[in-house]
Amino acid sequence: MEKIRNFDFGALFGLAKTPEQRNREWRLRLKSMQRQLDVQIRDIERTRKQTEREIKRCASRNDARSARALAKEIVSARRAISELYVSKARMASVERALTRQSATSKSIDVIKTSSEVLKAMNDLVRTSAVREDAREMGREMCRAGIIEELVEDAMDDLVSDDEEETENAIEDILREITGEVVLPDAGKETEKNEVMAKETSEASLPGETTTADLKARLDAMREEAA
């Protein structure tokens, strides 16, 4: 079954694409994938800015719990953006390697295996944002003889799960946005502020973004980026 799936029926009927056509298609796909990542980055950035404004509102009513929860979302959003930029850079490396490989193949009029393309593709498949697309493209390149089999290596650990590091990042964000390391949150005021925050959320006008909305939106965008 695997042999049937990998058989090039285009070649059987004289419809096989030339190496240059395949190369050009891969480069166009990489450009398209980079544009998609740009859209994701812009969406996350837009929601991040809304979240920063909401943190300032939380600070004005001394709602420390909501402010810290939103700051944690910003930490995760910034890390997601960093991973997307890494993915873009690795796509650009593959694109450049394909361009050079194409020029070499033209000069000697033969398909030549490229170690540069293989290295760039192995780097690309380690990023979670485009892992499956990169794998599929890699399989196509293997069948075309451009690269050898991709190395199934572990994904890069671009997102830290260290709790202390995350807490420090949260405090840095709170300081950056509100000018304070930890927002004031005195005993009896906490319960009062939580009630006020709930009432404000319930009374929100149609189309108005709430704290919960922002958290949900950032979570969804991170999942899409992953």
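Sequential numbering from 1078 applies to the sequence shown in the working numbering.
The C-beta atom is built at its ideal place from N, Cα and C for all residues, glycine as well.
For residue i, which option in the options has the closest C-alpha, if you only look at C-alpha atoms?
{"i": "Pro1096", "options": "Ile1223, Glu1242, Val1228", "result": "Ile1223"}
{"i": "Arg1101", "options": "Ala1166, Arg1173, Ala1144", "result": "Arg1173"}
{"i": "Ile1247", "options": "Asp1290, Arg1155, Val1163", "result": "Arg1155"}
{"i": "Arg1208", "options": "Asp1239, Cys1219, Ser1192, Glu1160", "result": "Glu1160"}
{"i": "Ser1109", "options": "Ala1211, Asn1245, Glu1225", "result": "Ala1211"}
{"i": "Ser1170", "options": "Lys1149, Ser1179, Ala1197", "result": "Ala1197"}
{"i": "Glu1122", "options": "Glu1226, Val1152, Asn1245", "result": "Val1152"}
{"i": "Leu1114", "options": "Asn1199, Glu1226, Ile1158", "result": "Ile1158"}
{"i": "Ala1293", "options": "Thr1124, Ala1093, Gln1111, Arg1099", "result": "Thr1124"}
{"i": "Leu1227", "options": "Ala1148, Asp1239, Glu1213", "result": "Glu1213"}
{"i": "Cys1219", "options": "Thr1176, Asn1199, Glu1242", "result": "Asn1199"}
Is residue i buried or exposed, if buried means 16 or more other CB atoms sit within 10 Å of its CB?
{"i": "Trp1103", "result": "buried"}
{"i": "Leu1295", "result": "buried"}
{"i": "Leu1054", "result": "Any question about residue 1054 goes unanswered here, given that the chain covers just 1078 to 1303."}
{"i": "Leu1195", "result": "buried"}
{"i": "Thr1190", "result": "exposed"}
{"i": "Asp1186", "result": "In this prediction, Asp1186 scores a pLDDT of 48, lower than 50, which makes its location untrustworthy; no coordinate-derived value is stated."}
{"i": "Arg1203", "result": "buried"}
{"i": "Ser1137", "result": "exposed"}
{"i": "Glu1131", "result": "buried"}
{"i": "Leu1282", "result": "Residue placement at Leu1282 is flagged as unreliable, the pLDDT there being 41, under the threshold of 50; the coordinate-derived value follows with that caveat. By the 10 Å Cβ count, Leu1282 comes out exposed."}
{"i": "Leu1291", "result": "buried"}
{"i": "Ala1180", "result": "exposed"}
{"i": "Gly1215", "result": "buried"}
{"i": "Ser1192", "result": "exposed"}
{"i": "Ala1141", "result": "buried"}
Looking at the unbroken alpha helix (DSSP H) that takes in residue i, where does it start and where does it end?
{"i": "Gly1222", "result": "No alpha helix (DSSP H) contains Gly1222, which DSSP labels as neither H nor E."}
{"i": "Asn1245", "result": "1240-1255"}
{"i": "Val1202", "result": "Careful: Val1202 lies outside any alpha helix (DSSP H) and carries neither H nor E."}
{"i": "Thr1128", "result": "1096-1137"}
Is it the case that the segment 1161-1179 contacts the segment 1111-1119, given that we only count it when at least three CB pairs across the two stretches are under 8 Å?
Judged by Cβ distances under 8 Å, the segment 1111-1119 makes contact with the segment 1161-1179, as three or more pairs qualify.
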